[in-house]
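Chemist:
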Amino acid sequence: MYAKVIKLTNMNGIKYDHAKIEKKWQEKWEKEKIYFPDLSRPDNKYYNLWMFPYPSAEGLHAGHAFASTGSDVFGRFMRMHGKDVFQPIGYDSFGIHSENYAIKIGEDPHKVVRRTTKHYEEQMRSLGHGYDWTHTVTTSDPDYYRWTQWLFLKMWEAGLAYKKKATVNFCPSCKTVLADEQVVTPAAAGKEPKDAAGKSITNSEELKVCERCGTVVEKKDLDQWFFKITKYADRLLEGLEKIDWSTRVKLAQKNWIGKSQGMLIKFETENGDGEIEVFTTRPDTLNAATFIAIADEGLYNQESSEKVGEFTGKYALEPFSKRRLPVWKTNYVAPGYGTGAIMGVPAHDERDMEFAEKYHLDIVQKDPDKNLWQEISEKGFGKKHTNYHLRDWLVSRQRYWGAPIPMVDCPECGWVPVPEKDLPVILPNISDYKPEGTGKGPLANHKEFYQVKCPKCGGDATRETDVMDTFVDSSWYFLRYPSSDRESVPFDGEVTRNWLPVDLYFGGAEHSVLHLMYARFVTKVLFDLKLLSFDEPFPKFFAHGLMIKDGAKMSKSRGNVVNPDQYVSKFGADTLRLYVMFLGPMDASPDFRDSGIEGMQRFVTRLWKLFNQPNTIDGQPSKGVVSKLNQTIKKVTEDMYNFKYNTAIASIMELVNTISDKGSNEEVLRSLCLLVAPFAPHLAEEVWVEVLGQPFSIHKASWPKYDDSKIASDTVTIVIQINGKVRSQLVVGNKQSTIQGDIETLSRKDENAAKWLKGHDIKKVIFVPGKLVNFVV
RNA sequence: GCCGGGGUGGUGAAACGGUAUACACGCUAGGUUUAGGACCUAGUGCCCCUUAAAGGCGUGCAGGUUCAAUUCCUGUCCCCGGCACCA
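Counting in the numbering used here, the first sequence runs from 1 upward without gaps.
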């Protein structure tokens, strides 16, 4: 088939028609179902999951392409290792993002989501990802949210869902409450901080804003639904020990859970009219306590950076010595944490010291006494106690675009769950879906929705009009994918047992304490309910970096969002895939630039020409080419497992350079094609089938193996160092390079080295076989 | 403040005890082309030097360990991220 061509010259005539070839194989892959594994046969299962996107109006941007390609490349790599890779995709389509956009353009969110999900699907197909399009999930579909509501009922049955009046975070712009986890620093939100009127705030120090819109949150006392995630605090902490996640993400969760062990200690007030209980992690410093500080909501909410206090006029008694400790109201004690009261120990706590100095309180120097831990509990003054930073998960939202909470408030029976058989509670189509910020959601204006009969007693009752937080939708979606075709259950027992947990979860680190913790919590609850056989959903999670453009995180507000479509149509999906994977390691934050992608296009063209007009040599390729090929297979294979696709591609480029220079044969080209396949699936398939004449499909072919014995090349360069400085080099035979005597002799004969050795005593010789020799003189 | 992750050419980056800058981008010169583009060839850290050879200096900064340090250790500065008056 190949003519004998010595030099790669005059290849300008060969064009790679990416549009035609990519379309051709995308259709063939779908027709032949090569990415649709048979879920009834799980022997070689590999569940490869990328965090599903919320379908925005703008569509996927290049950052999505970077992340999703990273996931897809690994899925292809595993498929070429004989795994039945299940790689599903879906849409996190409920929630404020989609709803706010619908409000902005004045269109029904149902319609908006239908349009945006369609656009996403087209974009993801155009990138050539190996998704199983027969198992997609859309969280705003009644078929899906029916089971989100089912999950709520399970929480209720397990005693883990409750409604309670509490001081909660409220976003005046989104006109809804937020979970603690959704209240973040402006930097984390990636937004300019704004006040309730939408004006930018420049003094952004220590501000807490809405994760969605960047508006400074307010505190309100409202009746809200919570999930008791605090009950799982310890289990969530312990589970971190057994999962393969980066320390960075694990620590973020650990910090968020914020476990601290200490004691609750009671102080009687002076005139015997009560007692004050404090939480402390340092009961051993009780002897040095000089005052009691209690939280004051009013002072606390003033958000003063300086410590402020007011003396209450009361005194509390230190339990052992009965010392009189003044009781102060302050702003530096958090009301919601511990007992909302602390003992002030200026000698052992900087903050207490600052306060004591400001208000001229006593400062007592006493050494800590470890025995106090025991003595306090023996005397009954206090007891050991563990506190957590983690709060219960606030799941209700006074919005429209979410799954209605399936509960009914009956004047006779109290809160009654909607029976499972009556699910889903359909979200009605209404036109007045804008939030009003009255503390009630838009559904509260619709009698036809909330006027119901009590499922228990049949009397008149009121349906809950709040909907669920989007993070409830996404807390269990990975369970639904393999069972998306089941109508009568949220997830099928057998399929779930066979295909879960997820083998590799690929996603952004920004979800460290939101989605990832909620999903772990929900999994543990379902495990306890004996509905799952595992209690960690994602034993391996890889956090990719966030793509940068012009030095800043891509975001619509900055106007630096790159749409991949134009690059797909101009350069093709393969070039774009290779380009974004080549930018840097997957966990870095690559900067997208146009000039780079043109360079990658050159590489793709070179590849295409190399395969179509190869400089084939008759018979066996040189040993140098064989050794380079084996080195490359080894390097690429190792890099793939570490998500260092950039260096994997670099070594493939090196191999291409070597082949261009020294020639190849069909066997070498086949291996090269296989190495390229995960990155450039279309080009590789075209070459594999049409040029190399191999059976369809390369994506089910075996990943090439390397032969250790063929890695070594004929000659090796040995570095000669004198006192650790490189002075010369020797090119010697492979065998000779490991013989110290030979190398020493050759080094002395080497002109350059001899110059440095002349007139010196050699004190020591360090020899690293096959690498270097170092003379110490 | 505490806890993570980082500071390497003009740029993205590689090496992570053993030739610092692989692989690319960009740039310079030459070839090819009617021209441009594309493509091909050569060069490209800094200093000294007409050039080359040879040499010196170079991985934020200052020390240390080692025959040998971007890599290990100590101190320090800066950037990014998480948590935070959480007692």
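Ideal Cβ placement from N, Cα and C applies to all residues, glycine included. Small disclaimer: the values here were computed from a predicted structure and weren't measured.
Which partner residues does TYR46 have in the DSSP bridge list?
Modeler: In the first sequence, residue 46 corresponds to position 46, counting from 1. In DSSP, TYR46 forms a bridge with VAL85.
Chemist: Where do the N-terminal and C-terminal ends of the alpha helix (DSSP H) with CYS808 fall, by residue?
Modeler: Only positions 1 to 777 of the chain appear in the structure, and residue 808 is not among them; the question remains open.
Chemist: Grouping DSSP H, G and I as helix and E and B as strand, with all else coil, what is ILE363?
Modeler: Counted from its first residue, the first sequence places residue 363 at position 363. If DSSP states are grouped into helix, strand and coil, ILE363 belongs with coil.
Chemist: Considering only residues of the region 269–319, which uninterrupted beta strand (DSSP E) runs meet the minimum length of 3 residues and lie entirely inside it, listed in chain order?
Modeler: Complete beta strand (DSSP E) runs here, min 3: 275–280, 291–295 and 309–317.
Chemist: Would GLY128 and PRO681 be called neighbours here (beta carbons separated by less than 8 Å)?
Modeler: Within the first sequence, residue 128 is the residue found at index 128, counting from 1. Within the first sequence, residue 681 is the residue found at index 681, counting from 1. Result yes, Cβ atoms of GLY128 and PRO681 sit closer than 8 Å.
Chemist: For TYR433 versus PRO442, is the C-beta distance shorter than 8 Å?
Modeler: Mapped onto the first sequence, residue 433 falls at position 433. Mapped onto the first sequence, residue 442 falls at position 442. It is a contact, given that the beta carbons lie within the stated cut-off.
Chemist: Contact defined as beta carbons within less than 8 Å: I believe PRO193 pairs with VAL168. What is the distance between those atoms, to the nearest angstrom?
Modeler: Stepping through the first sequence from its first residue, residue 193 is reached at position 193. Stepping through the first sequence from its first residue, residue 168 is reached at position 168. Incorrect: roughly 20 Å between the Cβ atoms, too far for contact.
Chemist: By DSSP, does SER431 sit in helix, in strand, or in coil?
Modeler: Taking the first residue of the first sequence as position 1, residue 431 is located at position 431. DSSP places SER431 in coil when its eight states are reduced to three.
Chemist: In whole angstroms, what is the alpha-carbon distance linking VAL216 and PHE471?
Modeler: If you number the first sequence from 1, residue 216 lands on position 216. If you number the first sequence from 1, residue 471 lands on position 471. Spanning the two alpha carbons is a distance of roughly 21 Å.
Chemist: Using 8 Å as the threshold, is the region 713–721 in touch with the region 686–693, meaning 3 or more CB pairs across them?
Modeler: Segments in contact, no.
Chemist: Considering only residues of the same chain and omitting the five flanking positions on each side of LYS700, which have a CB-CB separation below 8 Å?
Modeler: Your numbering for residue 700 matches position 700 in the first sequence. So the list reads ILE34, ARG79 and MET80, once near-sequence residues are dropped.
Chemist: Who are the Cβ neighbours of GLU270 in its own chain at under 8 Å, not counting the five residues just before and after it?
Modeler: Mapped onto the first sequence, residue 270 falls at position 270. Closer than 8 Å at Cβ, skipping near neighbours: LYS314, TYR315, ALA316, LEU317 and ARG324.
Chemist: As an exercise, report each continuous beta strand (DSSP E) stretch of at least 3 residues that is fully enclosed by the region 459–521, in chain order.
Modeler: For the region 459–521, whole beta strand (DSSP E) runs of length 3 or above, ordered along the chain, are 460–463 and 504–508.
Chemist: Using three-state DSSP, classify PRO142 as helix, strand or coil.
Modeler: Locating residue 142 in the first sequence gives position 142, where the first residue counts as 1. It is helical.
Chemist: Which residue from LYS530, GLU686 and PHE542 puts its Cα closest to that of VAL604?
Modeler: Numbered from 1 along the first sequence, position 604 holds the residue referred to as residue 604. Residue GLU686 is the option with its Cα nearest to VAL604.
Chemist: Report the three-state DSSP secondary structure of TRP150 (helix, strand or coil).
Modeler: Against the first sequence, residue 150 aligns to sequence position 150. DSSP places TRP150 in helix when its eight states are reduced to three.
Chemist: Tell me which residues share the same chain as LYS366 and place their Cβ nearer than 8 Å to its Cβ, disregarding the 5 neighbours each side in the sequence.
Modeler: Counting from 1 along the first sequence, the entry for residue 366 is found at position 366. THR285, ASN287, ALA288 and ALA347, listed in sequence order.
Chemist: Check VAL777 in the structure and name its three-state DSSP category.
Modeler: Position 777 of the first sequence, counted from the start, is the residue given in the question as residue 777. VAL777 falls in the coil class under three-state DSSP.
Chemist: With three or more C-beta pairs closer than 8 Å as the rule, is the region 598–612 touching the region 649–664?
Modeler: Touching, per the Cβ criterion.
Chemist: Could you give the C-beta distance for VAL452 and ALA461, rounded to a whole number, given that I count them as a contact under 8 Å?
Modeler: Here residue 452 refers to the residue found at position 452 of the first sequence. Here residue 461 refers to the residue found at position 461 of the first sequence. So it is a contact: roughly 6 Å between Cβ atoms.
Chemist: In chain order, what residues of the same chain have a beta carbon less than 6 Å from the beta carbon of ASP362, not counting five sequence neighbours either side?
Modeler: Position 362 of the first sequence, counting from 1, holds the residue named residue 362. Result list for ASP362: THR290, in chain order.
Chemist: Out of LEU531, LEU529 and GLU536, point me to the one whose CA is closest to ALA519's CA.
Modeler: Along the first sequence, read from residue 1 onward, the residue named residue 519 stands at position 519. Of the candidates LEU531, LEU529 and GLU536, the one whose C-alpha sits nearest the C-alpha of ALA519 is GLU536.
Chemist: Am I right that LEU529 and GLY382 are in contact with their C-beta atoms under 8 Å? What's the rounded C-beta distance?
Modeler: Reading the first sequence from its first residue, position 529 is the one you call residue 529. Reading the first sequence from its first residue, position 382 is the one you call residue 382. Actually they do not touch by this definition, with Cβ atoms about 36 Å apart.
Chemist: Kindly give me the distance between the Cβ atoms of PRO501 and PHE542, rounded to whole angstroms, as I take these residues to be in contact under 8 Å.
Modeler: Numbered from its first residue, the first sequence carries residue 501 at position 501. Numbered from its first residue, the first sequence carries residue 542 at position 542. Their Cβ separation, rounded to whole angstroms, is 15 Å, which puts PRO501 and PHE542 out of contact at 8 Å.
Chemist: Compute the Euclidean distance between the alpha carbons of ILE103 and HIS97, then round it to the nearest angstrom.
Modeler: The sequence position of residue 103 within the first sequence is 103, counting from 1. The sequence position of residue 97 within the first sequence is 97, counting from 1. Rounded to the nearest angstrom, the two C-alpha atoms are 10 Å apart.
Chemist: So what does DSSP say about HIS97, is it helix, strand or coil?
Modeler: Translated into the one-based positions of the first sequence, residue 97 becomes position 97. It is helical.
Chemist: Just to confirm the assignment, what range does the alpha helix (DSSP H) spanning THR745 have?
Modeler: As a first step, residue 745 must be located in the first sequence, where it is residue number 745. THR745 -> alpha helix (DSSP H) spans 740–749.
Chemist: Would you please state the rounded distance, in angstroms, between the beta carbons of PHE94 and TRP401? I believe it to be under 8 Å.
Modeler: The residue given as residue 94 occupies position 94 in the first sequence. The residue given as residue 401 occupies position 401 in the first sequence. Yes, PHE94 and TRP401 are in contact; Cβ-Cβ is about 6 Å, under 8 Å.
Chemist: For LEU207, does the three-state DSSP call read helix, strand or coil?
Modeler: Here residue 207 refers to the residue found at position 207 when the first sequence is read from its first residue. Of the three classes helix, strand and coil, the one that applies to LEU207 here is coil, per DSSP.
Chemist: In chain order, what residues of the same chain lie with their CB nearer than 6 Å to the CB of SER737, ignoring the 5 residues before and after it?
Modeler: Within the first sequence, numbered from 1, the residue matching residue 737 stands at position 737. Hits under 6 Å: VAL716, ILE718 and GLY770.
Chemist: Going by DSSP, what residue range makes up the alpha helix (DSSP H) through VAL656?
Modeler: Residue 656 sits at position 656 when you count from the first residue of the first sequence. Note, VAL656: alpha helix (DSSP H), 645–662.
Chemist: Assign GLN620 to one of three DSSP states: helix, strand, or coil.
Modeler: In the first sequence, counting from the first residue as 1, residue 620 sits at position 620. If DSSP states are grouped into helix, strand and coil, GLN620 belongs with coil.
Chemist: Distance check for ASP234 and GLY258, CA to CA, integer angstroms please.
Modeler: As a first step, residue 258 must be located in the first sequence, where it is residue number 258. As a first step, residue 234 must be located in the first sequence, where it is residue number 234. If you take the alpha carbons of GLY258 and ASP234, they lie about 10 Å apart.
Chemist: On the criterion of 16 or more Cβ atoms from any shown chain inside 10 Å, does LYS7 qualify as buried, or is it exposed?
Modeler: Counting from 1 along the first sequence, the entry for residue 7 is found at position 7. Because the pLDDT of LYS7 is 33, which lies under 50, any placement of that residue in the model is unreliable, and the number read from its coordinates should be weighed accordingly. That one is exposed.
Chemist: Please say whether TYR388 and THR778 have beta carbons closer to each other than 8 Å?
Modeler: Because the chain spans 1 through 777 in this model, residue 778 falls outside it and cannot be assessed.
Chemist: State the Cα-Cα distance for the pair PHE449 and THR438, rounded to the nearest angstrom.
Modeler: Position 449 of the first sequence, counted from the first residue, corresponds to residue 449. Position 438 of the first sequence, counted from the first residue, corresponds to residue 438. Spanning the two alpha carbons is a distance of roughly 18 Å.
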